[in-house]
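>
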Amino acid sequence: MTIFTGKTIEAATAAGLATLNAPREQVTVTVVATPRKGWLGIGHRDAQVDVVLKAMTPAASSTPVSAANLASSAAPVKAAAEATAPSEPAAAEPSVSPAERRQQRQAAIEGVQDYLATIVDQLGIDATLDLESSAHRQIRLAFTTDKEGLLIGKHGRTINALQSLAQLYLNHHGAAHVEIELDVAGYRERRAATLSRLADNTAREVVASGKPIYLDPMPSFERKQIHAVLAKNQYVTTYSAGKEPHRAVVIQPV
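Set out below in structure tokens:
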């Protein structure tokens, strides 16, 4: 049995037809696996089909001829078949009732926990994940692990990256209105205190020098903390500059 693959069943079938150089009515197509989108490459699977020629004359064997006999001399056609496969028309988005929206939100919250657990496991980190709090527009998940430093990463890069991926997952699964926060070993509280000190110390330096200071790039939720700390400071003003992921807070004198 020779398996042909494609992004859709139609694309995989087209690859088999091109390899056999036969029209659709002269082959038998058996679906081995249906396609699966996955999420950011995790769980993705192309469609897989087995394409065999039908017996064309009474003298022929009743058993279909396998495509394996012809595949070795055929040119690769998978990429071409995928490129020419027709795209499916976008379906109209159905209206969602409040009850269905709540179910969708709950499913997204449960799904994102499984999604994060899979990623962390692939990173080689043994960790558990608990839902610490859940409000209408915000959820907080906390990891428990013996490898806290590895999960946090340098300057919080790993935990922040996981949080960004988790937010993308929620957005993709019908919970875009829900903000998510990930934590491990109280890192977020310690980081908030560090940002507060950074904001105050930098503001004093700006006032003393009379010149603006660009802070290091940081994610949007950390920039918001800097802005909030200095919002009532009458001697400085703040704004963000640059493009993601290099966007940074600028503190300048009034």
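For the sequence shown, counting from 1, position 183 maps to 183 in the UniProt record's numbering; every step adds exactly one.
A virtual CB, placed ideally from N, CA and C, is assigned to each residue, including glycine.
Remember, it's a predicted structure, so these values are computed and weren't measured experimentally.
1) Please report the residue range of the beta strand (DSSP E) in which ASP126 lies.
2) Looking at the structure shown, is ASP183 part of a helix, part of a strand, or coil, going by DSSP?
3) What residues match up with PHE4 in a beta bridge as DSSP calls it?
4) Can you tell which of SER240, VAL206 and ASN233 has the C-alpha that lies nearest to the C-alpha of GLN252?
5) What separation, rounded to the nearest whole angstrom, lies between the Cα atoms of ALA135 and LEU17?
6) How is THR34 classed by DSSP in three states: helix, strand or coil?
7) Do you know offhand how far ASP216's Cα is from LEU162's?
8) Hey, would you say ALA142 sits closer than 9 Å to LEU116, going by beta carbons?
9) On the DSSP letters alone, give me the boundaries of the beta strand (DSSP E) that GLN234 sits inside.
10) Over what stretch of residues does the alpha helix (DSSP H) that includes GLY150 continue unbroken?
11) Return the residue from the list ASP121, LEU170, VAL178 and THR30 that minimises the CA-CA distance to LEU151.
12) Have a look at ASP50 and VAL31 and give me their C-alpha separation to the nearest angstrom.
13) Three or more beta-carbon pairs under 8 Å between the segment 225-245 and the segment 191-201, yes or no?
14) Write down the C-beta distance between VAL178 and ARG105 rounded to the nearest angstrom, noting that I regard them as a contact closer than 8 Å.
15) Looking at the secondary structure, which residues open and close the alpha helix (DSSP H) in which LEU17 lies?
16) Quick check: ILE119 and GLN48, are their CB atoms within less than 9 Å of each other?
17) Assuming ARG157 is part of the alpha helix (DSSP H), what are its boundary residues?
18) Where ALA33 and THR144 are concerned, what is the direct C-alpha to C-alpha distance, given to the nearest angstrom?
19) Which of the three DSSP states, helix, strand or coil, is assigned to LEU141?
20) Among residues of its own chain, excluding the 5 on either side of ILE159, which ones have a beta-carbon nearer than 7 Å to its beta-carbon?
21) Figure out for me which residue from GLY174, GLN113 and LYS232 has the closest Cα to the Cα of SER97.
22) Using the Cβ count rule (16 or more neighbours within 10 Å means buried), how would you classify VAL254?
23) Per DSSP, VAL249 forms a beta bridge with which residues?
24) Going by DSSP, which residues form a beta bridge with SER133?
Reading off the structure:
1) From DSSP, ASP126 is part of no beta strand (DSSP E); its letter is neither H nor E.
2) In this structure, ASP183 counts as strand in the three-state DSSP scheme.
3) Residue pairing by DSSP puts PHE4 in a beta bridge opposite VAL49.
4) Looking at SER240, VAL206 and ASN233, the one whose alpha-carbon comes closest to that of GLN252 is VAL206.
5) Here the C-alpha atom of ALA135 lies approximately 53 Å from the C-alpha atom of LEU17.
6) Note: THR34 maps to coil in three-state DSSP.
7) Here the alpha carbon of ASP216 sits roughly 20 Å from the alpha carbon of LEU162.
8) Not closer than 9 Å, so no.
9) No beta strand (DSSP E) holds GLN234; DSSP gives it neither H nor E.
10) Per the sequence shown, the amino acid found at residue 150 is Leu instead of Gly. LEU150 -> alpha helix (DSSP H) spans 148-152.
11) Minimum Cα distance to LEU151 is reached at ASP121.
12) Roughly 6 Å separates the two Cα atoms.
13) Yes, the segment 225-245 is in contact with the segment 191-201.
14) That pair is a contact at about 7 Å.
15) Start and end: 9-20.
16) No, these two residues do not count as a Cβ contact at 9 Å.
17) The continuous alpha helix (DSSP H) containing ARG157 extends over residues 157-172.
18) Spanning the two alpha carbons is a distance of roughly 37 Å.
19) Here LEU141 sits in strand by DSSP.
20) Excluding positions up to five away in sequence, the list reads LEU151, ILE152, GLY153, LEU182, VAL184 and TYR187.
21) Minimum Cα distance to SER97 is reached at GLY174.
22) By the 16-neighbour rule on beta-carbons within 10 angstroms, VAL254 is exposed.
23) For VAL249, which the question treats as bridged, DSSP gives the partners SER240.
24) For SER133, the beta-bridge partners assigned by DSSP are ARG140.
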